[in-house]
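Visitor:
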Amino acid sequence: MKKGSLVILYLLIVLPMLAQQATDVAIIPEPVSLEKRTGSFQFSGSTRIEAADRHPDVLRVANLFADQVRKATGYKATVQTTAAATRTNLVSFVLNKAEDMELGTEGYRLEVSPAAVTVKANYPAGLFYGIQTLLQLFPKEIESKTTVSQKSWAVPAVKVTDYPRFGWRGLMFDVSRHFFTKEQVKQFIDDMVKYKYNMLHLHLTDDQGWRIEIKSLPKLTSVGAWRVEKTGHFGGFSAPEADEPVNYGGFYTHEDIRELVKYAGERFVNILPEIDIPGHSMAAVAAYPELSCTPGNYRVSSGDKFMQWNGDGTFYALVDNTLCPANEQVYSFMDKVFTEVAELFPFGYIHMGGDECAKNFWEKSDAIKQLMEKEKLKDLHEVQSYFVKRIGKIIEAKGKKMMGWDEILEGGLAPGAAVMSWRGNKGGKEAAAAGHEVVMSPNNHVYIDLRQGDPAIEPPVYSQVLLKDSYKFEPVPDGVNPKLIKGGQANLWTEQVYNLRHQQYMTWPRAFAVAEAVWSPKDKKDWNNFIGRVEQHFKRYDVAEKKYAPSMYEPIINAAKTANGAIGVTFSQQLEGLDIYYSFDNSFPDRFYPKYSGSAVVVPKDAGFMKLVTYRGKEQVGRLITIPVTELKARADKKK
Ligand code: ACM
C-alpha cells in the first residue's frame with residue numbers, strides 16, 4: 016500500500032475511531048471544563064498508584080480508588096507513599112502546596128495523558144471527587160464486583176477542571192417508613208458519592224418507626240421501632256390488630272450511628288439527622304402516649320390510613336399522631352432526644368421536621384386553649400410556631416443550628432433557623448426574603464419517591480416526577496439572593512419502597528439529574544447531551560448489577576374522546592427518536608406492528624387491552640406496557 020493510501024486510511028478509519036473513543040467520555044455530573052486529548056492511558060498490573068503527600072486522608076482516598084480498581088481488574092494495585100523516580104505509568108494524587116484559587120475546597124484538576132494520570136486538589140475532598148471522575152473514564156467493567164479478565168483498561172486522555180456549584184448536595188433517605196440496615200445505608204452512601212453528593216439526610220423518625228436509639232428513652236426503640244408487617248400497597252393496609260405479631264422494624268444503636276457517621280465522613284459525606292416533630296410522631300406517641308394532647312392506646316402505624324388528605328393541600332388526622340405543644344414534658348423529652356442526637360452527629364445542623372402537622376386534635380384540646388391564652392397565640396399556626404421556637408432553643412443549646420421543612424415558616428420562624436423548601440419554591444423564596452438559609456428540595460422536581468412514568472407500568476404512587484422534570488431543577492429560584500441558597504437535595508420517601516433494589520430503581524437516574532443541578536455550572540445544561548451520558552451510565556449500572564429505572568424510554572399515555580365518541584390515544588415522550596409500536600389483539604407488539612405516527616390511535620370498539628412497546632431503530636428500549644381499555648376510557652372521561 017502506498018504511503019498516501021495509508022494516510023487516507025488513517026484519516027478515514029483511525030481518526031474516526033479516536034473520535035469514537037472520545038465520545039465515550041460521559042461524566043455525571045458534567046464537569047466545569049473537560050478537554051479531550053489524543054490517545055489514552057493504559058492502566059495495567061504494572062501501573063503505580065502514588066500518594067506521596069504523607070497525608071492520611073490522601074492515602075485513604077487513594078486506597079478507596081485502589082480498592083475499586085483491584086476488585087475489577089484483579090491487579091495488586093497497591094498505593095505507594097514515596098514519589099516514584101520515573102513519572103510514567105503512574106496514577107498520582109497530589110495536594111496543592113499553594114492554594115489553587117479556582118478549585119475551592121472540593122474542586123480538582125485531573126490530567127490523563129498516555130504517560131500518566133494526575134489528580135490535584137487543595138483538599139482531600141477534591142482528590143476524592145477527582146477519583147470519581149477518573150473512575151467514570153475507565154471502561155464500564157471497572158464497576159464489576161468481581162475480576163474481569165482479558166480487558167484493556169484504557170482511560171481516554173483528558174484535562175478536567177472541576178468544582179461544585181453548591182456546597183449542599185443532598186439525598187434524603189427515609190429509613191422510617193421502611194427500615195434499611197446499616198450496611199444498606201452504606202451502600203446508599205457508596206452510590207451517592209460516585210455522583211459527588213456530599214449530604215445524606217436521614218429521616219430517622221416518623222409514624223411508622225423510630226429508628227435511632229435514645230438511651231435515656233428506651234421505649235422509643237423497644238416499642239417505637241417495631242410494627243406489624245403488612246404486604247401490598249402501603250397506605251391502604253388494615254390497621255394493626257392486638258393479636259398480630261409486631262415483627263417488622265429495626266433501629267440504629269449509638270454504635271451503628273457512629274459507624275455510619277465515620278463511613279460517611281471518610282467519603283466526605285455529612286449526615287443530617289431528622290427527628291420529625293410535632294407531626295409524624297405516631298411511633299414516639301406509641302412509646303410514650305403521655306406526649307400526646309390526647310393520651311391513649313397508640314400503635315406504631317403499619318401503613319394503614321390514619322390521615323385524610325383532601326387533594327388540595329389540606330388534611331386532618333383520624334388518629335392523633337402529634338406531640339402536644341402545651342405539655343412541658345414534651346420539651347424535656349425532646350431535650351433528652353436532641354442531647355443524644357447532637358452527641359452522635361458531628362454535622363452542624365439538626366432537622367426537626369415540622370411538616371404536615373395535623374392540628375385538628377390540638378383544636379379540641381383544653382391544654383392547647385390554655386397555652387394559647389397564656390402565650391397570646393392567635394391561631395394553631397402560632398401554636399406550632401411557639402413549639403418550633405422552643406425546639407430551636409433546645410437545639411441551639413446543644414451547639415447546633417435548626418433546620419426544618421418549610422411549614423416551620425408558618426406562624427413566624429425563629430431567627431437563625433434554616434428552611435428546607437419542599438412545597439415547590441415558595442417556602443424557599445419566603446425564607447430567603449426573610450434572611451434565612453435555604454436548601455431547595457421542591458417536590459415537583461426532586462421528590463424521587465414519586466412515579467417516574469405512566470401509572471400503567473410504574474408502581475402506584477400518588478403523583479409523578481419524570482426524569483425530565485428532575486433535570487429542570489434549578490436550585491436558585493428567580494429573584495432570590497443566591498448566597499442564602501445552600502444547595503439542593505432529592506428526597507426518597509419510602510412508603511412504597513420496600514427494599515434496596517427498589518430504592519435503587521427510584522433513585523437512579525433521577526438522582527443523576529439532581530447531581531447535575533447541584534454540581535455542574537448552570538450554563539452547561541443540555542438535556543440531549545445528559546441523556547447520552549445517562550445511557551452510558553446505565554451500562555455501568557448493568558455491570559455493577561445495580562438497578563435503575565428505564566422509564567425515560569416509555570411514553571405517558573394520553574386518552575381523549577374523538578368527535579364520534581371513540582377513544583383516541585396519543586403519547587408524550589421524554590426522549591426524541593423513539594418509535595412506539597402497539598397492538599389491540601392481546602399479542603405482543605414488536606417493531607413489525609403498527610407504529611404510532613403522532614396522530615391519535617383510535618381504540619377499536621371491542622378491544623380489551625392496548626399493548627405498546629418502544630424501540631430505537633431495531634432495539635427495544637422500553638418495557639412492554641399493557642393498559643386496559645377501561646383505563647383508557649377512564650382517562651378520556653377525566654379529560655372532558
Ligand atoms: C414532606 O414531604 N412532607 C416534607
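All residue numbers for the sequence shown refer to my numbering, where the first residue is 16 and numbers rise by one.
The beta carbon of each residue, even a glycine, is placed where N, CA and C say it ideally should be.
Being a predicted model, the structure only gives us computed values, none of them experimental.
1) In chain order, what are the residue ranges of uninterrupted alpha helix (DSSP H) at least 4 long that sit wholly in the region 46-95?
2) Quick check: the region 553-570 against the region 490-510, are at least 3 beta-carbon pairs closer than 8 Å?
3) Rounded to the nearest angstrom, how far is the Cβ of residue 341 from that of residue 308, given a contact under 8 Å?
4) Run through DSSP, which three-state label would residue 534 get?
5) Should residue 171 go down as buried or exposed, given a rule of 16 or more other Cβ atoms within 10 Å for buried?
6) Write down the C-beta distance between residue 138 and residue 184 rounded to the nearest angstrom, noting that I regard them as a contact closer than 8 Å.
7) Since residue 348 and residue 333 are thought to touch, with beta carbons under 8 Å apart, how far apart are those beta carbons, to the nearest angstrom?
8) Grab the span of the beta strand (DSSP E) containing residue 189 for me, first residue to last.
9) Roughly how many angstroms lie between the CA atoms of residue 391 and residue 374, to the nearest whole one?
10) Would you grab the beta carbon distance between residue 421 and residue 446 for me? Rounded to a whole angstrom, and I think it's under 8 Å.
11) Over the uninterrupted beta strand (DSSP E) stretch that includes residue 625, give me the two end residues.
12) Bridge partners for residue 634 per DSSP, in chain order?
13) Pull up the distance between the alpha-carbon of residue 177 and that of residue 194, whole angstroms please.
14) Measure from the alpha carbon of residue 338 to the alpha carbon of each residue in 363, 317, 380, then state which is nearest.
15) So is the beta-carbon of residue 370 under 7 Å away from any non-hydrogen atom of ligand 1?
16) What would DSSP say about residue 250, mapped onto helix, strand or coil?
17) Does the Cβ of residue 420 lie closer than 7 Å to at least one heavy atom of ligand 1?
18) Given residue 284, which residues of its chain have a CB within under 8 Å of its CB, disregarding the five upstream and five downstream residues?
19) Count the other CB atoms within 10 Å of the CB of residue 659; is the residue buried (16 or more) or exposed (fewer)?
20) Can we count residue 437 as close to ligand 1, meaning its CB is less than 7 Å from some heavy atom?
21) According to DSSP, simplified to helix, strand and coil, what is residue 504?
22) Note down, in chain order, each residue of its chain lying with its Cβ closer than 7 Å to the Cβ of residue 588, except the 5 sequence neighbours on either side.
23) Here's the rule I'm using: 16 or more other beta-carbon atoms within 10 Å means buried, otherwise exposed. How should residue 241 be labelled?
24) Starting from the C-beta of residue 457, find all residues in its chain whose C-beta is less than 6 Å away, skip the five residues before and the five after it, and write them out in chain order.
25) Indicate whether residue 628 and residue 583 have their beta-carbon atoms separated by less than 8 Å.
26) Is the beta carbon of residue 563 closer than 8 Å to that of residue 520?
27) Could you say which of 511, 506, 514, 513 lies nearest to residue 530 if we only look at CA atoms?
28) Between residue 59 and residue 168, how many whole angstroms is the CB-CB distance? I'm expecting something under 8 Å.
29) State the beta-bridge partners of residue 583 as determined by DSSP.
30) What are the boundary residues of the alpha helix (DSSP H) that residue 548 is part of?
31) Cutting at 7 Å between CB atoms, please list the residues of its own chain near residue 442, excluding the five before and the five after it.
32) Near residue 524, what residues of its chain come up, given a Cβ to Cβ distance below 8 Å and the 5 sequence neighbours on each side ignored?
33) Would you say the region 643-653 touches the region 602-609, given that touching needs at least three Cβ pairs under 8 Å?
34) Are three or more beta carbon pairs between the region 284-303 and the region 233-251 nearer than 8 Å?
35) Tell me whether residue 44 is buried or exposed, calling it buried when 16 or more other Cβ atoms sit within 10 Å of its Cβ.
36) Let's see if you can read the secondary structure: which residues bound the alpha helix (DSSP H) around residue 645?
Guide: If we stick to the structure as given:
1) 71-88
2) no
3) 7 Å
4) helix
5) buried
6) The pair is not a contact, with the Cβ atoms about 16 Å apart (cut-off 8 Å).
7) In fact, because the Cβ distance is near 24 Å, the residues do not count as touching under 8 Å.
8) 183-189
9) 18 Å
10) 7 Å
11) 624-631
12) 631
13) 36 Å
14) 380
15) yes
16) coil
17) yes
18) 204, 207, 208, 212, 213, 214, 215
19) Because the chain spans 16 through 655 in this model, residue 659 falls outside it and cannot be assessed.
20) yes
21) strand
22) 570
23) buried
24) 439, 440
25) no
26) yes
27) 506
28) 7 Å
29) 575, 617
30) 542-559
31) 421, 424, 434, 436
32) 482, 549, 552, 553, 563, 564, 567
33) no
34) yes
35) buried
36) 644-654
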